[in-house]
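Here the structure is laid out as structure tokens; the discussion comes afterwards.
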Amino acid sequence: MCGIVGYIGKADAPTVLINGLRRLEYRGYDSAGLAVLDDERVVVSKAPGKVAALNERARSEWPAERFSRASLGIAHTRWATHGPPTEVNAHPHLDHSGEVALVHNGIIENYRALRARLEGKGHHFYSETDTEVLAHLIGECDKGNLFQAVCDALHQVEGTFGIAVLSAREPGRIITARRGSPIVIGVGDGETIIASDASAILAHTQRVIYLDDNDIAIVTADSVDIRDLNNIPVTREIAELGLDESAAEKGGYDHFMLKEIHEQPECLANAIRGRLDFNIGSSVLAGMGTSPRELAELGRVVLVGCGTSLHAGLVGEYAFEDLADLHSEVQQAAEFRYRNPILGSRDLVVAISQSGETADTLAAVREAKQKGAFVMSLCNVVGSTIARETGRGVYLHAGPEISVASTKAFTCQVAVLLMMALKLGRGRRFSREEGIRFAQEINSIPMLVERVIRQDAHIAGVAASYVANEHAFFIGRGPMYPVALEGALKLKEISYIHAEGYHAAELKHGPIALLTEGTPVIAIACDIPGKDKTLGNIEECKARGARILGLVTEGDHEAAECMDDFISIPRCHPLVATIPAVVALQLFSYHVARLRGCEIDQPRNLAKSVTVE
Ligand code: F6R
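The working numbering puts the sequence shown at residues 14 to 626.
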């Protein structure tokens with residue numbers, strides 16, 4: 014979603030800001046803008062569309078000296094919420110004096126009332142945004158102290174914000190604050206960079222400070238002074254990012270998505286490394302912070318997440334029931350707090366989120382904590398809000414996921430869930446030998462995924478036959494049902510083909526009415542319990558003219574013969590097989606989208622991290 018960059022230091026601010034915005038492009042946005050202080054004036058440049066358009070606009074509008082002179086500024090990529098993605102709605106927004114500029118992520122929920130009040134005092138608004146209202150409110154509160162003005166304004170707003178503010182009246186500082194929308198401050202050598210996402214900071218420094226909710230910071234080129242909104246100083250540690258700048262590059266691949274699919278054997282090895290104990294036949298997940306007694310007393314596991322992370326949770330549901338004999342259920346994070354979930358101290362709530370910033374998942378975490386459940390998270394982004402608020406959990410170690418469509422985070426989420434289920438299973442029903450066997454299965458995941466990736470050229474060839482269709486169905490059973498949902502999600506989000514995932518048995522309860530000659534049905538028909546029934550469902554589809562692409566277990570000729578096209582999945586435990594199976598579908602979707610000429614890494618309307626409800 015929206016991205017923020019702020020810079021103060023010795024380099025030329027406009028260039029640093031535009032490069033920072035480029036690093037945030039993957040998050041999804043539809044317009045961009047920047048404001049710098051030049052000659053004690055605030056100057057703004059904005060453009061609808063991409064950061065490249067903003068760069069061109071600023072370079073044509075501004076004198077070249079401004080680029081070398083300005084050493085302080087703020088910038089933004091906007092994902093439209095209030096008003097369309099036009100130049101006038103793009104950030105930064107100015108207050109009524111034109112001397113205060115603001116960039117904002119999040120939503121000011123009471124902006125209408127604030128706007129009406131300010132209009133009553135003679136303020137005129139140019140945009141439809143909630144952000145312009147906050148800019149005016151800060152200006153209205155400014156009686157000669159920008160920090161105090163921002164505090165006073167933020168006390169009056171309801172909703173969420175990550176903001177950066179500068180003022181011509183107070184050159185040499187940027188004020189930044191957060192509530193529900195992340196802000197990271199990079200502490201460089203004589204320069205400070207503010208961003209909504211560490212990837213915009215990587216080029217400058219590895220040393221960062223994460224703001225907590227209701228923190229507000231006064232940032233100069235060589236100091237960061239953090240307080241709460243009542244002006245009480247707070248201490249936040251400096252953390253090391255530990256990320257390589259090359260992690261944010263494409264490394265020779267045409268798209269980040271393809272790079273991230275191919276990286277999976279290595280990411281999965283990182284997610285698994287050091288976490289399996291073959292002596293005791295269990296996993297070692299210190300971050301869970303649970304004693305064997307606490308684990309033994311658990312009555313239920315509730316998995317919450319959104320989108321792809323929700324699908325990982327659905328695989329986890331099968332794993333906890335199957336391996337740990339533990340009642341397990343998945344709930345959509347967006348519904349969780351509105352349905353009054355019944356929770357207690359014997360319930361383990363696992364929040365699953367690649368970004369660790371998804372608004373609905375964060376709200377579910379807070380609700381579960383409120384209700385006294387045992388809460389932990391599976392996040393990829395270290396130091397993210399959900400990881401910090403849960404305080405316990407397991408990091409995925411997938412490395413930065415830049416492509417909007419999630420791939421490596423999903424497979425690492427499933428791998429970690431399998432390790433959690435193994436740990437719980439060993440405390441309940443698994444013998445040591447069974448534990449060792451399953452640990453070996455988990456350990457083989459990177460190699461299994463590698464074998465699917467080696468079929469990339471074959472999958473690209475298969476994909477070519479499915480490019481012209483506008484509808485597709487994905488079907489699967491047991492743990493392959495969530496894989497079908499995830500396969501359909503991947504295809505629709507990047508290729509814009511209308512794709513639906515169903516349990517294989519559900520098709521004949523309605524959707525089969527949509528099958529006509531040549532409709533693609535992608536059937537996950539691996540050799541797991543229920544395969545024969547899935548083959549029966551495939552025959553039902555073929556009888557209606559559907560074209561079948563099957564995922565079949567290597568060497569299963571009987572299944573392969575039922576298909577028009579097939580991709581082989583290595584033979585392994587049914588739960589483990591979900592991972593290579595999904596990788597095959599990721600590659601299939603990627604190639605279909607590529608052949609259709611789609612903008613794969615930044616699909617239309619989508620954002621990488623959904624920080625609004
Ligand atoms: C789809 C996708 C989304 C995310 C969802 C949750 O490819 O990436 O469906 O999975 O927005 O995001 P996180 O995992 O960051 O909470």
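Heads up, the beta-carbon is just placed ideally off N, CA and C, and yes, glycines get one too.
Mind reading off the beta-carbon distance from E348 to S341? Whole number of angstroms is fine, and I expect it under 8 Å. As a working mapping, residue 348 is identified with position 335 in the sequence shown. As a working mapping, residue 341 is identified with position 328 in the sequence shown. Not a contact, Cβ separation roughly 17 Å.
Report the rounded CA-to-CA distance for A418 versus F486, giving the unit in angstroms. By 1-based counting over the sequence shown, the position of residue 418 is 405. By 1-based counting over the sequence shown, the position of residue 486 is 473. Each residue's alpha carbon lies about 19 Å from the other.
Ignore the nearest five residues each way along the sequence and tell me which others in A497's own chain have a CB closer than 7 Å to its CB. For this step, residue 497 is matched to residue 484 along the sequence shown. Excluding five sequence positions before and after A497, the CB atoms of its chain that fall closer than 7 Å to its own CB belong to F487, I488, G489, G514, Y515, I537, given in chain order.
Looking at the structure shown, is R191 part of a helix, part of a strand, or coil, going by DSSP? Counted from its first residue, the sequence shown places residue 191 at position 178. Here DSSP, grouped into helix, strand and coil, assigns R191 to strand.
Other residues of its chain near K555: CB distance less than 7 Å, five sequence neighbours each side excluded: As a working mapping, residue 555 is identified with position 542 in the sequence shown. Answer for K555: I561, listed in chain order.
In angstroms, rounded to a whole number, what distance separates the CA positions of S58 and L115? Here residue 58 refers to the residue found at position 45 when the sequence shown is read from its first residue. Here residue 115 refers to the residue found at position 102 when the sequence shown is read from its first residue. Spanning the two alpha carbons is a distance of roughly 13 Å.
Do you know offhand how far I551's Cα is from A337's? Indexing the sequence shown from 1 puts residue 551 at position 538. Indexing the sequence shown from 1 puts residue 337 at position 324. When the Cα atoms are used, I551 and A337 turn out to be separated by approximately 32 Å.
Assuming I121 and L147 are in contact, meaning their beta carbons sit under 8 Å apart, how far apart are those beta carbons, in whole angstroms? The residue you call residue 121 lines up with position 108 of the sequence shown. The residue you call residue 147 lines up with position 134 of the sequence shown. Indeed, because the Cβ distance is near 6 Å, the residues count as touching under 8 Å.
Taking 8 Å as the cut-off, does the stretch 188-198 touch the stretch 137-146 (at least 3 CB pairs, one atom from each stretch)? Counting Cβ pairs under 8 Å, fewer than three are found: no touch.
How would you call E626, buried or exposed, if buried means at least 16 neighbouring beta carbons within 10 angstroms? Position 613 of the sequence shown, counting from 1, holds the residue named residue 626. Residue environment for E626: exposed (fewer than 16 other C-beta atoms within 10 angstroms of its C-beta).
Among E250, R40, F443, which residue has its Cα nearest to the Cα of I293? Numbered from its first residue, the sequence shown carries residue 293 at position 280. The residue with the shortest Cα to Cα distance from I293 is F443.
May I ask whether a heavy atom of the ligand F6R can be found less than 6 Å away from the beta carbon of S368? The count along the sequence shown starts at 1 and reaches residue 368 at position 355. Remark: the shortest separation between the CB of S368 and any heavy atom of the ligand F6R falls under 6 Å.
K521 - DSSP class collapsed to helix/strand/coil: Reading the sequence shown from its first residue, position 508 is the one you call residue 521. Of the three classes helix, strand and coil, the one that applies to K521 here is helix, per DSSP.
What are the start and end residues of the beta strand (DSSP E) that includes C392? Here residue 392 is taken as the residue at index 379 of the sequence shown, counted from 1. Note, C392: beta strand (DSSP E), 387-392.
Comparing the CB of L319 with every heavy atom of the ligand F6R, is any distance shorter than 6 Å? The sequence position of residue 319 within the sequence shown is 306, counting from 1. First, the residue type needs correcting, since residue 319 is Cys and not Leu in the sequence shown. Yes; taking the cut-off as 6 Å, the Cβ of C319 has a heavy atom of the ligand F6R nearer than that.
What is the C-beta distance between V317 and V427, in whole angstroms, given that I count them as a contact (C-beta under 8 Å)? For the purposes of this step, residue 317 is taken as the residue at position 304 of the sequence shown. For the purposes of this step, residue 427 is taken as the residue at position 414 of the sequence shown. Rounded, the Cβ-Cβ distance is 16 Å, inconsistent with contact.
Can you find the residues in the same chain that come closer than 7 Å, C-beta to C-beta, to V343, ignoring five residues on each side of it along the sequence? For the purposes of this step, residue 343 is taken as the residue at position 330 of the sequence shown. Closer than 7 Å at Cβ, skipping near neighbours: L316, L323, G326, L327, E330.
If distances are taken between C-alpha atoms only, which option among A364, H268, M432 comes closest to A282? Residue mapping note: residue 282 aligns to position 269 of the sequence shown, counting from 1. Just measuring C-alpha positions, the residue of A364, H268, M432 sitting nearest A282 is M432.
Own chain partners of G681 with C-beta closer than 7 Å, once the 5 adjacent residues on each side are dropped: Nothing can be reported for residue 681, as the shown portion of the chain is limited to 14 through 626.
Just mark I285 as buried or exposed, buried being the case when its beta carbon has 16 or more other beta carbons within 10 Å. Reading the sequence shown from its first residue, position 272 is the one you call residue 285. Buried, by the Cβ-count rule.
Expressed to the nearest angstrom, what Euclidean distance is found between the alpha-carbon atoms of A372 and S397? Counting from one through the sequence shown, the residue named residue 372 turns up at place 359. Counting from one through the sequence shown, the residue named residue 397 turns up at place 384. Rounded to the nearest angstrom, the two C-alpha atoms are 12 Å apart.
Under 7 Å between C-beta atoms of R70 and A213: Along the sequence shown, one-based indexing puts residue 70 at 57. Along the sequence shown, one-based indexing puts residue 213 at 200. Cβ distance not < 7 Å, so R70 and A213 don't count as in contact.
Contained alpha helix (DSSP H) runs [length at least 4] in the stretch 137-208, N- to C-terminal order: Counting only runs of 4 or more, we get 143-154, 159-169.
Starting from V238, follow the beta strand (DSSP E) in both directions and report where the run begins and ends. Residue 238 sits at position 225 when you count from the first residue of the sequence shown. Residue identity differs from the one stated: residue 238 is Asp in this sequence, not Val. For D238, the enclosing beta strand (DSSP E) starts and ends at 236-241.
For the beta strand (DSSP E) that K59 lies in, which residues bound it at each end? The residue given as residue 59 occupies position 46 in the sequence shown. For K59, the enclosing beta strand (DSSP E) stretches over residues 54-61.
Please classify D257 as buried or exposed, where buried requires at least 16 neighbouring CB atoms within 10 angstroms. Locating residue 257 in the sequence shown gives position 244, counting from the first residue. Per the 10 Å Cβ criterion, exposed.
Which ranges would you report for the beta strand (DSSP E) in the stretch 441-509 if only whole runs of at least 3 residues count? Within the stretch 441-509, the complete beta strand (DSSP E) runs of at least 3 residues are 484-489.
Considering only the alpha carbon of each residue, which of E279, L289, E553, S259 lies closest to R445? For the purposes of this step, residue 445 is identified with residue 432 of the sequence shown, where counting begins at 1. Nearest C-alpha to R445: L289.
Can you check which of these residues, N456, H604, R441, Y479, is closest to I507 by C-alpha distance? Within the sequence shown, the letter at position 494 stands for residue 507. Comparing Cα positions, the closest option is H604.
Tell me which residues share the same chain as Y42 and place their Cβ nearer than 7 Å to its Cβ, disregarding the 5 neighbours each side in the sequence. Here residue 42 refers to the residue found at position 29 of the sequence shown. These residues qualify, in order along the chain: C15, G16, T90, R91, W92.
Within the stretch 204-233, ranges of the alpha helix (DSSP H) (whole runs, at least 4 residues): The stretch 204-233 contains no complete alpha helix (DSSP H) run of 4 or more residues.
Do you know offhand how far V407's Cα is from A126's? Counting from one through the sequence shown, the residue named residue 407 turns up at place 394. Counting from one through the sequence shown, the residue named residue 126 turns up at place 113. In a straight line, the C-alpha of V407 is about 42 Å away from that of A126.
Exposure of T248, with buried meaning 16 or more beta-carbon neighbours within 10 Å: Translated into positions along the sequence shown, residue 248 becomes position 235. So T248 counts as exposed.
Any 3 or more C-beta pairs closer than 8 Å across the stretch 581-598 and the stretch 456-464: Because the criterion of three Cβ pairs below 8 Å is met, the stretch 581-598 and the stretch 456-464 touch.
Give me the residue from G135, H95, E112 with the minimum Cα distance to Y124. By 1-based counting over the sequence shown, the position of residue 124 is 111. Out of G135, H95, E112, the CA that lies nearest to the CA of Y124 is found in H95.
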